[in-house]
Structure formats: C-alpha cells, structure tokens
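Here's the structure, in structure tokens; my notes come after.
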Amino acid sequence: MTPKPITVKPTDSLSHVLYLLNRYQLSRLPVTEEEKLVGIITRADIIRAEADQLSGDTNKVGQATEPSYLVYQTRAPAIGKGRLLVPLTTPETSRVLLRLAAAVARDREYELECLQIITIPRTQHPTKTPVNTTNYRRLLRQAEKLGRKWQIPVHTQIRVSHDVAQAILETIEERHISMIFKDWQGEATNSPGYIFSNVVDTLIRQAPCDLVLVKLGHKEEVMADGTIVTSCTLPLAWQRWLVPIAGGPNSHLALQLIPAFTAFASAPQINVVQVFSPSNSEPNLTLLQQAASFLAEKLNYRVTTIPIRAYSVSEAVINFATSQRCDVIILGASREGLLQQAIHGNIPEAIARGIDRTVILVRKAPG
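For the numbering used here, add 11 to where a residue sits in the sequence shown, where the first one is 1.
Spelled out as structure tokens, the structure:
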C-alpha cells in the first residue's frame with residue numbers, strides 16, 4: 012500500500028490537477044476530503060469540462076444563471092461512509108421522509124444532510140436578497156434531534172436559490188452526496204417535456220447519485236364534528252409491502268432498501284410480484300426466486316412471490332395493491348428514455364398516480 016499517495020482536494024483547480032497528472036505521468040487521481048475518498052478525476056474529465064466551457068454547455072438545469080447562496084449551516088462529525096441528502100419541504104412530509112432516510116442512513120452508516128431551499132424571483136440576486144430563516148431552522152432542529160436519538164451525524168443547511176433543482180444538484184456536488192431522498196406529491200404536471208415534475212425529472216436525469224422518490228399515501232379520519240381530516244400514515248403503520256420487479260439495477264436497489272424500510276414494522280408482509288404477458292405460456296420465474304432468496308437472507312419474515320398475468324403492468328399492480336390492501340409499493344424507476352416514456356407511458360408514474368398508497372420510486376446512480 013502506498014504510504015503517501017498523490018491526491019487532490021475537491022477545491023483544487025483543474026490546472027493543478029493537470030499539472031500533477033503530467034508531472035507524475037498518471038491517468039487519474041483520487042479526490043479526497045479529510046481522509047475520505049470522494050471520487051476519481053481523470054484526463055477525460057478535464058477534457059470534458061473544458062469542452063463544456065468552450066461550448067457554453069455549463070448550465071444543464073435550465074434558466075437559472077446565478078448559483079444558490081448558502082445562508083445557514085451546521086456541521087456534525089464527518090464519520091460516515093457516505094452522505095444521504097434530504098431536501099425538506101413541509102413539516103408533515105418531512106417527518107416521514109426523515110424517518111425513512113434515518114433508517115437507511117443507520118443501515119448504511121451514512122451521515123444525513125438536511126437541506127431547506129428558499130426560492131426567490133429571478134429578478135432578485137440570491138446573495139443580495141434578505142430572507143427570514145426562522146421557520147426553516149425550526150424544521151432543521153427537528154432533524155438534528157432525530158439524529159441525536161438515532162446516533163446519526165446530521166448536517167443542516169439553508170440555501171437561497173432561483174431554482175430548487177439547481178440548489179439540490181449544487182448541494183450534491185459540493186457535499187459529495189451518495190443518495191438523495193425527495194418527496195413527490197404525485198400530481199400530474201402541466202409542464203411540457205416532463206413526466207413527473209420539473210424538479211423530479213431534472214433529478215432523475217442529472218443527479219449523479221442514488222435517488223429515492225417518495226409519494227406519501229394519505230388516510231382520512233372522521234372527527235367528532237363530522238369533518239374529514241386527511242393525514243400521512245407513518246412508517247410504523249406500514250405492514251403490507253408490495254414489490255413489483257422487472258430486473259435491472261433500479262429494481263435491485265429497491266430490494267436492498269427494504270430491510271431498512273421495514274425495520275419500523277412489527278410483522279411486515281412482503282409480496283414480490285412480476286407481471287407477465289398472458290401470451291407467455293412458460294414465464295421465467297428466476298427473477299422472483301432470486302428476489303425472494305435475497306430478502307430471505309436479510310429479513311426474519313416470510314416473503315411471498317407472486318407471478319401475475321396481465322396486459323397492463325400498471326393496472327395489474329394497482330389492482331393487486333388495492334385487493335390486498337397494501338400500505339406501500341416500492342419499485343425501480345423506468346430505464347427507458349423520457350421520450351419513450353412520453354410516447355408509451357411511464358409504468359412507475361402510472362402506478363403512483365393510480366393509487367392512494369405510499370409509493371417509493373428508486374433510481375440507481377448512473378454508470
């Protein structure tokens with residue numbers, strides 16, 4: 012093992028990196044923060060960055076030109092094997108999202124990075140616009156309290172930005188994020204060219220890390236005066252899980268997250284399903300068997316595998332979830348391009364919008 016390897020910091024200039032590559036005749040260099048490896052930079056990365064700069068292709072997010080501005084932050088010990096980013100929005104959804112993220116962070120020995128974004132009009136400059144952070148800091152303190160309870164390092168920050176997606180992507184890059192948890196409301200988008208929403212689609216396209224999208228289901232309670240109150244169900248009540256699989260890295264990541272997610276349940280029921288065409292007389296059950304074997308090694312509960320014959324995957328999953336009164340559906344994101352999804356339909360999106368249950372959509376990091 013090399014006692015003093017040549018490394019670079021995330022803040023080093025590209026010219027310094029290129030000098031080291033030429034000086035020591037190297038093809039790549041490790042990028043370290045403190046004593047932690049956060050990436051590898053190669054000659055190809057430098058060439059690509061220079062080409063983007065020359066072509067003007069340096070702003071992939073959209074119309075926002077000014078970077079987000081950090082107005083508040085707290086730091087915990089950097090002792091995790093990775094970082095899980097949680098952009099927080101409303102107190103109701105954040106409470107559930109934080110519990111799920113904390114379960115995964117504890118399972119993977121990650122740190123939590125909690126982010127609040129204050130959006131301002133494009134006519135205002137992020138660095139020059141006064142903002143009130145009182146309510147935002149109150150929600151972040153709740154995240155820190157949860158971290159102390161679960162013994163998980165929690166970092167917090169508040170950014171002012173023109174664009175939510177841009178602020179999230181900048182945080183992912185600056186803080187070397189391994190995974191991101193983001194809530195999604197599940198409403199149809201009116202924005203042309205988008206399947207989910209402009210923020211979610213941008214993250215699916217551009218986030219370089221694992222991505223977990225959570226659409227929370229709701230339950231209605233009738234109060235004493237006859238009024239109906241709608242609230243999010245908590246993970247503690249999630250007992251019946253439905254896991255549709257289709258193979259690939261996204262489905263596999265969904266399976267890997269189930270042990271952490273089901274830690275809240277007292278006796279979870281796991282149903283793994285795969286939809287086959289009715290014309291398929293001899294369906295291959297290998298994927299179902301492999302999924303069941305993987306989960307059986309991680310869980311102390313029975314895993315049921317169910318092959319389903321149907322012409323529509325989304326309708327089959329929705330019908331099964333409804334008839335079996337499933338609490339949660341967790342599945343991998345579609346691996347097709349967004350154009351193909353717009354033409355032929357996006358199965359995970361159709362499932363999420365077609366049922367009032369909690370739906371967790373998982374996308375593995377590219378590459």
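We put the beta carbon where it would ideally sit given N, CA and C, even for glycine. Just so we're clear, the structure is a prediction, and the values are computed from it rather than from any experiment.
| query | result |
| --- | --- |
| Which residue comes first and which comes last in the alpha helix (DSSP H) that contains Pro-260? | 260–272 |
| How about Ser-283 and Ile-256: are their beta carbons less than 9 Å apart? | Reading the sequence as shown, one finds Val at residue 283 and not Ser. Cβ atoms of Val-283 and Ile-256: closer than 9 Å. |
| Can you list, in chain order, the residues of its chain whose CB lies under 7 Å from that of Arg-86, leaving out five sequence neighbours each side? | His-166 |
| Any idea if Arg-336 is buried or exposed, counting beta-carbon neighbours within 10 angstroms, 16 or more meaning buried? | exposed |
| Please report how far the alpha carbon of Val-416 lies from the alpha carbon of Lys-193, in whole angstroms. | Residue 416 lies beyond the range of the chain shown here (12 to 378); nothing can be said about it. |
| Measuring straight from C-alpha to C-alpha, what distance separates Arg-149 and Trp-249? | 27 Å |
| How many Å lie between Cys-125 and Glu-293 at the Cα? | 48 Å |
| Asp-338 and Arg-368 look like a contact to me (Cβ under 8 Å); what is the Cβ gap, rounded to whole Å? | 7 Å |
| Kindly list the residues whose CB is nearer than 7 Å to the CB of Leu-296, restricted to its own chain and excluding five residues on each side of it in sequence; keep chain order. | Pro-318 |
| Under the assumption that Pro-246 contacts Val-107 (Cβ atoms under 8 Å), give the Cβ distance between them as a whole number of angstroms. | 7 Å |
| So, do the stretch 177–196 and the stretch 139–147 have three or more beta carbon pairs nearer to each other than 8 Å? | no |
| So, with DSSP's three-state summary, where would you put Tyr-80? | strand |
| Buried or exposed: Gly-3, going by 16 or more other Cβ atoms within 10 Å of its Cβ? | There is simply no residue 3 to check, as the chain begins at 12 and stops at 378 in what is shown. |
| So, for Ala-95: in the same chain, excluding its five sequence neighbours on each side, which residues have a beta-carbon less than 6 Å away from its beta-carbon? | It should be pointed out that residue 95 corresponds to Leu in this sequence rather than to Ala. The residues are Ala-112, Ala-116, Tyr-121, Leu-123 and Met-190. |
| Are Ile-340 and Ile-358 close, meaning C-beta to C-beta below 9 Å? | no |
| Taking just the CA atoms, how far does Ser-26 sit from Val-19? | 12 Å |
| When the Cα atoms are used, what is the spatial distance from Arg-7 to Ser-105? | Summary: the structure shown does not reach residue 7, with the chain confined to residues 12 through 378, and so no result is reported for it. |
| By the 10 Å Cβ neighbour count, where 16 or more other Cβ atoms means buried, how is Gly-73 classified, buried or exposed? | Its pLDDT being 46, under 50, Gly-73 is placed unreliably by the model, and the measurement read from it follows with that caveat. Classification of Gly-73: exposed, given that the 10 Å Cβ count is below 16. |
| Our contact map puts Val-286 next to Ala-327 with C-beta atoms below 8 Å; I'd like the distance itself, whole angstroms only. | 5 Å |
| Considering only residues of the same chain and omitting the five flanking positions on each side of Pro-270, which have a CB-CB separation below 8 Å? | Asp-118, Leu-306, Lys-309 and Leu-310 |
| Restricting to runs no shorter than 4 residues, where is the alpha helix (DSSP H) found entirely within the stretch 87–141? | 102–119 |
| I'd like to check one pair, Arg-133 with His-173: are the Cβ atoms closer than 9 Å? | yes |
| I need the DSSP call for Leu-227, collapsed to helix, strand or coil. | coil |
| Arg-156 to Glu-44, Cα distance in whole Å? | A small fix is needed here, since residue 156 is Lys in this sequence, not Arg. Between Lys-156 and Glu-44, the C-alpha separation is close to 26 Å. |
| Quick one: which unbroken beta strand (DSSP E) runs of 3-plus residues sit fully inside the stretch 268–303? Chain order, please. | 280–287 |
| Pull up the DSSP beta-bridge partners for Trp-252, would you. | Ile-281 and Val-339 |
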